[in-house]
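A short write-up of the structure that comes next.
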Amino acid sequence: MGGCRVSQVRHSPFPLICKLHPGAFSSGRTEASLTARCSLLCWDRRMKGLRWHYTRLPSQAEDDLSGKEGEEEEDEKEEAVPAPEDPVEPQLLSLHLPPRVTGHSWSLAFCTSRDGFSLRSLYRRMEGHSGPVLLVLRDQDGQMFGAFSSSALRLSKGFYGTGETFLFSFSPQLKVFKWTGNNSFFVKGDLDSLMMGSGSGQFGLWLDGDLYRGGSHPCATFNNEVLARQEQFCIMELEAWALS
-17 MGGCRVSQVR HSPFPLICKL HPGAFSSGRT EASLTARCSL LCWDRRMKGL
33 RWHYTRLPSQ AEDDLSGKEG EEEEDEKEEA VPAPEDPVEP QLLSLHLPPR
83 VTGHSWSLAF CTSRDGFSLR SLYRRMEGHS GPVLLVLRDQ DGQMFGAFSS
133 SALRLSKGFY GTGETFLFSF SPQLKVFKWT GNNSFFVKGD LDSLMMGSGS
183 GQFGLWLDGD LYRGGSHPCA TFNNEVLARQ EQFCIMELEA WALS
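Structure representation (C-alpha cells):
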C-alpha cells in the first residue's frame, strides 16, 4: 500500500478533460466552475464522452482531405457536450436518492485537490451543513465509489444517520447498496477515521484520518460488495457534495 500517492502537487486531476473541453479552462471561468467541471462526479460521464470522440476521429488521410472543415465539425461536437455544474446525480443516482433531495442543486463542500488530504479539514468544511452529503472518491486503480449520507459528515461518539444512507460503486456500471434493516450502523466520525456501515467488525467503507488509505468490506448494514477492486486501497481523489 505504501507509495500509492506519487505526488502532492495540485493541478487538474484529469488532464484529458482539458483536451476534450479546452474552453472550460479559460481565464474567464470561476474557480468554483472549474472545480465542478473537473470533479470526480463528472469524470465517469466525461470519460465515456471522450471514448466516443476517439471512435469518431477521422483517419490521417481523411483529416488531410477535410482540412479546416473537419476541424470545425469536431469543435461543434465538443461544444455539444454539456458541462454540468452539479454532480452527476441527475444522470446516474437520482433514482436512488430520497425524494426530499431530488431536483435540488449541489455544491462542492470539500475536495482533496483544493482542501488537502485531511479528515479534519473535511469535518471543518462540513460545518454549517446539516443536510445530505454525496461522498465520491477515486482510488489507485481508477475505481470510483462512494456513499450517500442522510446528514452531514461530522465527529460523533456513535453511529448516526437514517436508512436513506447507502453505498455505491461504478464497476464500471453503477451499483447501489441500500440499507438492509439489519442494524443502524450508518455513519460514525472519529478524528482518525470515518466509517460507513458495519457488522461483524467490518466496515462497508472506512477512510483514515489522512484520507490516504481506506478499506471496504461486505457489511450487514448494506449487504454490499467490496466497493473497490481490493479491500484495502489508496485514495487518489475525494469529493464531498452537499445540498446548496
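When we follow the numbering used here, the leftmost residue of the sequence shown carries the number -17, and every step to the right adds one. No residue lacks a Cβ here, since even glycine has one placed at the ideal position from N, Cα and C. Treat the numbers as computed from the prediction; the structure is a model and nothing was measured.
*Taking only the alpha-carbon atoms, compute the straight-line gap between Q122 and G186 and give it to the nearest angstrom.*
Translated into the one-based positions of the sequence shown, residue 122 becomes position 140. Translated into the one-based positions of the sequence shown, residue 186 becomes position 204. Going by C-alpha positions, Q122 is about 18 Å away from G186.
*Kindly identify the DSSP beta-bridge partner or partners of M178.*
Your numbering for residue 178 matches position 196 in the sequence shown. Bridge partners of M178: V169 and L187.
*Would you report the Cα separation of S180 and T203, rounded to the nearest angstrom?*
Position 198 of the sequence shown, counted from the first residue, corresponds to residue 180. Position 221 of the sequence shown, counted from the first residue, corresponds to residue 203. One Cα belongs to S180, the other to T203, and the distance between them is close to 6 Å.
*Spatially closest choice to A224 from S132, L189, N206 and F167, by CA coordinates*: Residue 224 sits at position 242 when you count from the first residue of the sequence shown. Relative to the Cα of A224, the nearest Cα in the group S132, L189, N206 and F167 belongs to S132.
_Residues that DSSP places opposite R120 in a beta bridge_ = As a first step, residue 120 is located in the sequence shown; it is residue number 138 there, counting from the start. Residue pairing by DSSP puts R120 in a beta bridge opposite M126 and E219.
*Helix, strand or coil for R38 per DSSP?*
Indexing the sequence shown from 1 puts residue 38 at position 56. Low local confidence applies: a pLDDT of 34 at R38 is under 50, so the model's placement there is unreliable, and no value is given.
*Quick one: is N206 buried, meaning 16 or more other Cβ sit within 10 Å of its Cβ, or exposed?*
To locate residue 206, count along the sequence shown from 1; it is residue 224. When all chains shown are included, N206 counts as buried.
_For a test of the three-state rule: what should DSSP assign to L104, helix, strand or coil?_
Looking up residue 104 in the sequence shown gives position 122. Here DSSP, grouped into helix, strand and coil, assigns L104 to helix.
*Is the CB-CB distance between G128 and L135 below 8 Å?*
If you number the sequence shown from 1, residue 128 lands on position 146. If you number the sequence shown from 1, residue 135 lands on position 153. Not closer than 8 Å, so no.
*R195 lies in the beta strand (DSSP E); which residues open and close that run?*
Counting from one through the sequence shown, the residue named residue 195 turns up at place 213. R195 to G197 is the span of the beta strand (DSSP E), which, as asked, contains R195.
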